[in-house]
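Here the sequence shown is numbered in this note's numbering, starting from 544 and rising by one per residue.
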Amino acid sequence: MERLASTCNAQSTALLYPSDNSIALESQREHIASSLKNLLVIDGSWKQAYAVLQQFPWLSSIPSFHFEQAPATQYRIRHTRIREGLSTLEATAYTLNTLYKIDTQPFIELQEAMQDNWRGPKAHQRET
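So, in structure tokens, the structure goes:
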């Protein structure tokens, strides 16, 4: 993480994580798309992501973004109390599509195939 911290600067790096100081991705789309070189996405549960932020306080010094108009999640493997929460893959796909108009349907299809083949306990699944 030290190497990552030394290569990230606030002008070209952003964190995809909602916070009191985060900016709506959709409201600054053109500016973000033209200046962003590195997008950091924490993969894990909300609790795990929060723990990463606490462990590495330098992450708070770079701009962070949240979604105003994200699509409803199709992720059903893990349950969460956060209604608007997306999987890491969905959040990354939405960001790429919003900023750069990249066709992210293959990402969504990949997630669907993964879920169709998942064999974990039903108790872990999100209620739909």
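Quick reminder that beta carbons are idealized off the backbone N, C-alpha and C, glycines included.
key: residue 654 classed as buried or exposed, judged by whether at least 16 other C-beta atoms fall within 10 angstroms   = Counting of Cβ neighbours within 10 angstroms places residue 654 among the buried residues, the total reaching 16 or more.
request  = Go through its chain and collect everything with a Cβ distance to residue 601's Cβ below 7 Å, but skip five positions before and after it.
outcome  = Its chain contains 548 as the residues whose beta carbon lies nearer than 7 Å to that of residue 601, once the 5 sequence neighbours on both sides are disregarded; these appear in chain order.
key: Buried or exposed by the 16-neighbour rule on C-beta atoms within 10 Å, applied to residue 560   = Counting of Cβ neighbours within 10 angstroms places residue 560 among the buried residues, the total reaching 16 or more.
query = Excluding sequence positions up to five away, which residues of its chain have a Cβ less than 6 Å from the Cβ of residue 566?
reply = Only residues of its own chain outside the window of five on either side were considered, and among them 608 have a CB closer than 6 Å to the CB of residue 566, listed in chain order.
message = Let me confirm a value: residue 643 is counted as buried when at least 16 other C-beta atoms fall within 10 Å, else exposed. Which label applies?
response = In the assembly as shown, residue 643 is an exposed residue. Its beta-carbon has fewer than 16 other beta-carbons within 10 Å.
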